[in-house]
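Engineer: Protein chains in written order, with my numbering: chain A, 13 to 474; chain B, 13 to 474.
Using N, Cα and C, we set each Cβ at its ideal position, and we do this for glycine too.
Number of protein chains: 2
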Amino acid sequence: MPESWVNSGVDLHLDLRGAGGRRAALIAALRDAVRDGRLAPGTRLPPYRSLAADLGLARNTVADAYAELVAEGWLTAVQGSGTRVAERVEPLKTARIPKKVPKTAGPRHNLRQGQPDATSFPRTEWLAAARRALNVAPHDAFGPGDPRGRPELREALSGYLARARGVRTSPDRIVVCSGFAHALRLLFPAVLPGSLAVEAYGLAFHRSIFAAAKVRTIPLALDEHGARVEDLAVPTVLLTPAHQFPTGGPLHHDRRVAVVGHVRATGGLLIEDDYDGEFRYDRKPVGAVQGLDPEHVVYAGSVSKSLSPALRLGWLVLPERLVDAVLAVKGEREAWAGALDQLTLAEFIAAGAYDRHIRRMRQRYRRRRDLLVGALAEQAPHVVPTGIAAGLHAVLRLPPGTEKAALKAAAWQGLALDGLAAFRHPDSRMSTMDGLVVGYATPPEHAYAAALAALCRALPPA
Amino acid sequence: MPESWVNSGVDLHLDLRGAGGRRAALIAALRDAVRDGRLAPGTRLPPYRSLAADLGLARNTVADAYAELVAEGWLTAVQGSGTRVAERVEPLKTARIPKKVPKTAGPRHNLRQGQPDATSFPRTEWLAAARRALNVAPHDAFGPGDPRGRPELREALSGYLARARGVRTSPDRIVVCSGFAHALRLLFPAVLPGSLAVEAYGLAFHRSIFAAAKVRTIPLALDEHGARVEDLAVPTVLLTPAHQFPTGGPLHHDRRVAVVGHVRATGGLLIEDDYDGEFRYDRKPVGAVQGLDPEHVVYAGSVSKSLSPALRLGWLVLPERLVDAVLAVKGEREAWAGALDQLTLAEFIAAGAYDRHIRRMRQRYRRRRDLLVGALAEQAPHVVPTGIAAGLHAVLRLPPGTEKAALKAAAWQGLALDGLAAFRHPDSRMSTMDGLVVGYATPPEHAYAAALAALCRALPPA
Numbered sequence: 013m014p015e016s017w018v019n020s021g022v023d024l025h026l027d028l029r030g031a032g033g034r035r036a037a038l039i040a041a042l043r044d045a046v047r048d049g050r051l052a053p054g055t056r057l058p059p060y061r062s063l064a065a066d067l068g069l070a071r072n073t074v075a076d077a078y079a080e081l082v083a084e085g086w087l088t089a090v091q092g093s094g095t096r097v098a099e100r101v102e103p104l105k106t107a108r109i110p111k112k113v114p115k116t117a118g119p120r121h122n123l124r125q126g127q128p129d130a131t132s133f134p135r136t137e138w139l140a141a142a143r144r145a146l147n148v149a150p151h152d153a154f155g156p157g158d159p160r161g162r163p164e165l166r167e168a169l170s171g172y173l174a175r176a177r178g179v180r181t182s183p184d185r186i187v188v189c190s191g192f193a194h195a196l197r198l199l200f201p202a203v204l205p206g207s208l209a210v211e212a213y214g215l216a217f218h219r220s221i222f223a224a225a226k227v228r229t230i231p232l233a234l235d236e237h238g239a240r241v242e243d244l245a246v247p248t249v250l251l252t253p254a255h256q257f258p259t260g261g262p263l264h265h266d267r268r269v270a271v272v273g274h275v276r277a278t279g280g281l282l283i284e285d286d287y288d289g290e291f292r293y294d295r296k297p298v299g300a301v302q303g304l305d306p307e308h309v310v311y312a313g314s315v316s317k318s319l320s321p322a323l324r325l326g327w328l329v330l331p332e333r334l335v336d337a338v339l340a341v342k343g344e345r346e347a348w349a350g351a352l353d354q355l356t357l358a359e360f361i362a363a364g365a366y367d368r369h370i371r372r373m374r375q376r377y378r379r380r381r382d383l384l385v386g387a388l389a390e391q392a393p394h395v396v397p398t399g400i401a402a403g404l405h406a407v408l409r410l411p412p413g414t415e416k417a418a419l420k421a422a423a424w425q426g427l428a429l430d431g432l433a434a435f436r437h438p439d440s441r442m443s444t445m446d447g448l449v450v451g452y453a454t455p456p457e458h459a460y461a462a463a464l465a466a467l468c469r470a471l472p473p474a
Numbered sequence: 013m014p015e016s017w018v019n020s021g022v023d024l025h026l027d028l029r030g031a032g033g034r035r036a037a038l039i040a041a042l043r044d045a046v047r048d049g050r051l052a053p054g055t056r057l058p059p060y061r062s063l064a065a066d067l068g069l070a071r072n073t074v075a076d077a078y079a080e081l082v083a084e085g086w087l088t089a090v091q092g093s094g095t096r097v098a099e100r101v102e103p104l105k106t107a108r109i110p111k112k113v114p115k116t117a118g119p120r121h122n123l124r125q126g127q128p129d130a131t132s133f134p135r136t137e138w139l140a141a142a143r144r145a146l147n148v149a150p151h152d153a154f155g156p157g158d159p160r161g162r163p164e165l166r167e168a169l170s171g172y173l174a175r176a177r178g179v180r181t182s183p184d185r186i187v188v189c190s191g192f193a194h195a196l197r198l199l200f201p202a203v204l205p206g207s208l209a210v211e212a213y214g215l216a217f218h219r220s221i222f223a224a225a226k227v228r229t230i231p232l233a234l235d236e237h238g239a240r241v242e243d244l245a246v247p248t249v250l251l252t253p254a255h256q257f258p259t260g261g262p263l264h265h266d267r268r269v270a271v272v273g274h275v276r277a278t279g280g281l282l283i284e285d286d287y288d289g290e291f292r293y294d295r296k297p298v299g300a301v302q303g304l305d306p307e308h309v310v311y312a313g314s315v316s317k318s319l320s321p322a323l324r325l326g327w328l329v330l331p332e333r334l335v336d337a338v339l340a341v342k343g344e345r346e347a348w349a350g351a352l353d354q355l356t357l358a359e360f361i362a363a364g365a366y367d368r369h370i371r372r373m374r375q376r377y378r379r380r381r382d383l384l385v386g387a388l389a390e391q392a393p394h395v396v397p398t399g400i401a402a403g404l405h406a407v408l409r410l411p412p413g414t415e416k417a418a419l420k421a422a423a424w425q426g427l428a429l430d431g432l433a434a435f436r437h438p439d440s441r442m443s444t445m446d447g448l449v450v451g452y453a454t455p456p457e458h459a460y461a462a463a464l465a466a467l468c469r470a471l472p473p474a
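(1) What runs of the beta strand (DSSP E), each 3 residues or longer, lie entirely inside the segment 247-304 of chain B?
(2) Along the chain, where does the alpha helix (DSSP H) that runs through residue 415/A open and close?
(3) Are the C-beta of residue 154/A and some C-beta of chain B separated by less than 8 Å?
(4) Determine the chain A residues that contact residue 348/B at a beta-carbon separation under 7 Å, and present them in chain order.
(5) Out of curiosity, what's the CA-to-CA distance linking residue 466/B and residue 427/B?
(6) For residue 406/B, write down the residues that DSSP places opposite it in a beta bridge.
(7) Quick check on the DSSP output: what are the complete beta strand (DSSP E) runs of length 3 or more inside the segment 44-69 of chain A, in order along the chain?
(8) Given this structure, state the Cα-to-Cα distance separating residue 47/A from residue 448/B, to the nearest angstrom.
(9) On the DSSP bridge list, what partners appear for residue 370/A?
(10) Excluding sequence positions up to five away, which residues of its chain have a Cβ less than 8 Å from the Cβ of residue 108/A?
(11) Spell out whether any CB of chain A is found under 8 Å from the CB atom of residue 405/B.
(12) Tell me, please, whether the CB atom of residue 251/A is closer than 8 Å to any CB atom in chain B?
(13) Going straight from the alpha carbon of residue 422/A to that of residue 471/A, what length do you get?
(14) Check whether chain B comes within 8 Å of residue 211/A, counting only Cβ atoms and requiring the distance to be less than that.
(15) At least one CB of chain B closer than 8 Å to the CB of residue 321/A: is that the case?
(16) For chain A, find out if any of its Cβ atoms is closer than 8 Å to the Cβ of residue 222/B; answer yes or no.
(17) Taking three-plus beta-carbon pairs below 8 Å as touching, is the segment 150-169 of chain A in contact with the segment 268-286 of chain A?
(18) Roughly how many angstroms separate the alpha carbons of residue 139/A and residue 146/B, rounded to a whole number?
(19) Alpha carbon to alpha carbon, how far is residue 298/B from residue 461/B? Give it in angstroms, no decimals.
(20) What would DSSP say about residue 138/A, mapped onto helix, strand or coil?
(21) Which word fits residue 150/B, buried or exposed, when buried means at least 16 other C-beta atoms lie within 10 angstroms of its C-beta?
(22) Select from 317/A, 343/A, 351/A, 303/A the residue whose C-alpha is nearest the C-alpha of residue 329/A.
(23) What are the boundary residues of the alpha helix (DSSP H) that residue 220/A is part of?
(24) Let me confirm a value: residue 134/B is counted as buried when at least 16 other C-beta atoms fall within 10 Å, else exposed. Which label applies?
(25) With DSSP run on the structure shown, which of helix, strand or coil describes residue 190/B?
(26) Residue 456/A: buried (16+ other C-beta within 10 angstroms of its C-beta) or exposed?
(27) So with Cβ pairs under 8 Å, would you call residue 38/A a contact of chain B?
(28) Under the DSSP definition of a beta bridge, which residues are partnered with residue 430/B?
(29) Give me the chain B residues within the contact set of residue 135/A, using Cβ-Cβ distance strictly less than 7 Å, ordered along the chain.
(30) Is it the case that the Cβ atoms of residue 290/A and residue 318/A are separated by a distance below 8 Å?
(31) Quick one: grab the DSSP three-state call for residue 400/A.
(32) Taking Cβ positions, are residue 381/B and residue 452/B nearer each other than 8 Å?
(33) Between the segment 389-401 of chain B and the segment 170-186 of chain B, do at least 3 Cβ pairs fall closer than 8 Å?
(34) Helix or strand or just coil, what does DSSP make of residue 158/A?
(35) Less than 8 Å between CB atoms is the rule here; does residue 385/B satisfy it with respect to chain A?
(36) Taking the C-alpha atoms as reference points, what is the distance between residue 436/B and residue 212/B?
Laid out in structure tokens, this is it:
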């Protein structure tokens, strides 16, 4: 076997300027040399004393470093045969090239629904709340977390949701989670097995969560008053009552009452997805259905639209009988939601900064909504936007059979957006609706007018 | 039907001092009155004009409020019969009484393993890092998150893990998660189906995650050199090489090399749980096995022991071939780890604050470890602590058959701690080990001496 051989430390070009003392620096330098192939597998290292002399180190510093690297498996020491680089050390493959390299420059304007304006995150106020939270947090906030969530946040949410959304609850019925998708995973299938009625148009991502949980979803047709709850065939139902997603209308009050009657009569449950209930422009927010019967409604909300989806903070407001079951799914300790963000949000709400931020964003989004409506009235008056009283998106209904062509035209104009078909439940038998779902929160301020102009160019002629 | 009737606003005792304008205050006050029963179901409300006169409000303010509450389902309006409180509004049940009321004062001293010292969280440095992070974060940090985790954090971790743990990686092979339990859920069963070898002593919580994922675990016996990897019968194995949990020894270097050989030969994988690798007291840290063969080892770490389990931040360092599969499980967007904590940790590492904190904590834990060893040497010299070279806990081995009695004696002395039996894999055939697992990180400074004295009193006599 031909043998590599290192005569002295000089051959090694070891860089011993690393932090943490000379021994640590030597260990790191030897590891580096093995890693990058300067010391090939099988290479015999110089004896301690010669390397020590070459490097100006104490002998036992070098002996210690060798022993350490032997213990770690980088080197092997064979009695009478010195110390060698282990055979098994494999070089790291060259840096991974991402498989999905975008082939084009991508769309110029993002009009996809579902995202708030990322440029408006209230950095200063959030930092101030974080400072207060870190100042006053008890030590136990840094220990293992209560799976219900921090009591400070549940207290703040309980007051805020009562005030702003008409939710009736107490902190001990709130369970903090990482957002609505996490909420669904906590509920289905462990807490709520069996089939579930959902709106015929909704988020495909949510349907995929149900599919993964092996929960069958039964589509509920929509009309101008929202979901046809009188058609409900199963006790449990998921709705977006404040602002039907994505078509945009509120659930009619008769139907609010009817769905509560249904879940009460069947021993069922309404899951109320209040994803953007704070953003209503032309009248005061429609309060949560939960307030009508807290024992038959699970209310779910998050900061994903109101502040940022990057925070990963949401909440469930539960009927009393479900609290223990949801906590059992969550586990003995908080495994998901970070305590510092929870404490910061509690301070942020308590200081009124959350209300102020929502008011500010409501004005900004309303202005964007008005610009969209104005652009359509001027440039495409035959296209009437719907679902515009609330939320961060509108639906532009199109003549039957024209949605695909309109989406192609939109892509041609450099727009990223979805058609209503992307939201349709595959089992729905209601007549197809054609339309574009236009999210107006994300384009940067300077590009919004251009995005609207491009949108109008993509619409079918009158 | 006997009829409740409200003659005027004066009867209602409405508190209109709430925030958000008089209309909003009136709505909130009426909701409150319905909620707390002052306005019973069926009660007829005064006409707009009389309530407006009583409260000194404009008539259409009152009309609007009634309409809003009708839309929300709190009130019903019947043509010619005025506005009534809806029949369906149910009172909120009285506050939930927690089912698990502690029956005693609980243990006086918490010596359970697995928790760092919650009083030492570096609040000031963390806030400073958060400030820098919020100052420099690009806007997209507040949009939907990359499921890999923030690039700033993956970059910082890549350097830190190479330097401190001998991990060989690049940022594109790191996936951020919410901690080790989340890491296991990402890997099993979707990425790594089939059976898995685990150490015969380990965390029952982890075994429960495998059970839920329907992954069979095969216990690997332990001896004085760690897990007997020569007995491996399946390709995939989960180990705690730096500090066997809970028995406390490092995996012998021959076995480090052997397990890498095994996974390489079988096309298998080592999952390396490096839960407290930074805390080694009597010599430099044992580097990660991952460095020997990054393509056959999944390295998992977190801040749960080094900073706080409340942050819910961990990471997987993956072989190239597994990156896409893990990301597919994680989903299109980050659904778990909060972006601000990720950015803050990246700043915290980059500023050297993470290294400083770990050095400080290493000193503190070493001192606690020394006090434990000293107390035993003095008060119970026949009990030899093991696994004391590293970590936040020690194991006090006991004579066969005495563990249960010792645990009872410990409870009698007001101590919360676990015996080794709690960690034993139910299928293991290795001979039983008796011992107490003593976590020394959590008791407050002032109570530590008393906790040690109580511990010594609970130990069996020589």
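Structural biologist: In this structure, then:
(1) Counting whole runs of 3 or more residues, the segment 247-304 of chain B contains the beta strand (DSSP E) stretches 248-251, 281-285.
(2) Its alpha helix (DSSP H) spans residues 415-424.
(3) Judged by the 8 Å Cβ criterion, residue 154/A is in contact with chain B.
(4) Residues of chain A passing the Cβ test: 190, 324, 348.
(5) Taken atom to atom, the span from the alpha-carbon of residue 466/B to that of residue 427/B is near 7 Å.
(6) Residue pairing by DSSP places residue 406/B opposite 450/B in a beta bridge.
(7) With a minimum length of 3 residues, no continuous beta strand (DSSP E) run stays inside the segment 44-69 of chain A.
(8) Between residue 47/A and residue 448/B, the alpha-carbon positions lie close to 41 Å from each other.
(9) The bridge partners DSSP lists for residue 370/A come to none.
(10) Confidence is the limiting factor: at residue 108/A the pLDDT is only 48, short of 50, which leaves the residue's position unreliable and the question unanswerable from this model.
(11) Residue 405/B does not count as touching chain A.
(12) Not one chain B Cβ lies under 8 Å of residue 251/A.
(13) One C-alpha to the other measures close to 8 Å.
(14) Look at residue 211/A: its C-beta is not under 8 Å from any C-beta on chain B.
(15) Judged by the 8 Å Cβ criterion, residue 321/A is in contact with chain B.
(16) It does not: the Cβ of residue 222/B has no partner Cβ on chain A nearer than 8 Å.
(17) With the cut-off at 8 Å, the segment 150-169 of chain A and the segment 268-286 of chain A do not touch.
(18) Those two C-alpha atoms are separated by around 8 Å.
(19) Spanning the two alpha carbons is a distance of roughly 30 Å.
(20) The answer is helix: DSSP assigns residue 138/A an H, G or I state.
(21) Its Cβ having fewer than 16 others within 10 Å, residue 150/B is exposed.
(22) For residue 329/A, the closest C-alpha among the options 317/A, 343/A, 351/A, 303/A is that of 303/A.
(23) Per DSSP, residue 220/A belongs to the alpha helix (DSSP H) from 216-224.
(24) Counting Cβ neighbours within 10 Å, residue 134/B comes out buried, since at least 16 surround it.
(25) It is coil, neither helix nor strand.
(26) With fewer than 16 other Cβ atoms within 10 Å, it is exposed.
(27) Chain B contact via Cβ: absent.
(28) Residue 430/B is bridged by DSSP to 449/B.
(29) What residue 135/A touches in chain B: 146.
(30) Cβ atoms of residue 290/A and residue 318/A: closer than 8 Å.
(31) Residue 400/A: coil per DSSP, three-state reduction.
(32) For residue 381/B and residue 452/B, yes; Cβs fall inside 8 Å.
(33) Taking a cut-off of 8 Å for Cβ pairs, the segment 389-401 of chain B and the segment 170-186 of chain B do not touch, as fewer than three such pairs fall below it.
(34) In the structure shown, residue 158/A sits in coil (DSSP, three-state: anything other than H, G, I, E or B).
(35) With 8 Å as the cut-off, residue 385/B does not count as an interface residue toward chain A.
(36) When rounded, the separation of the alpha-carbon atoms in residue 436/B and residue 212/B is 6 Å.
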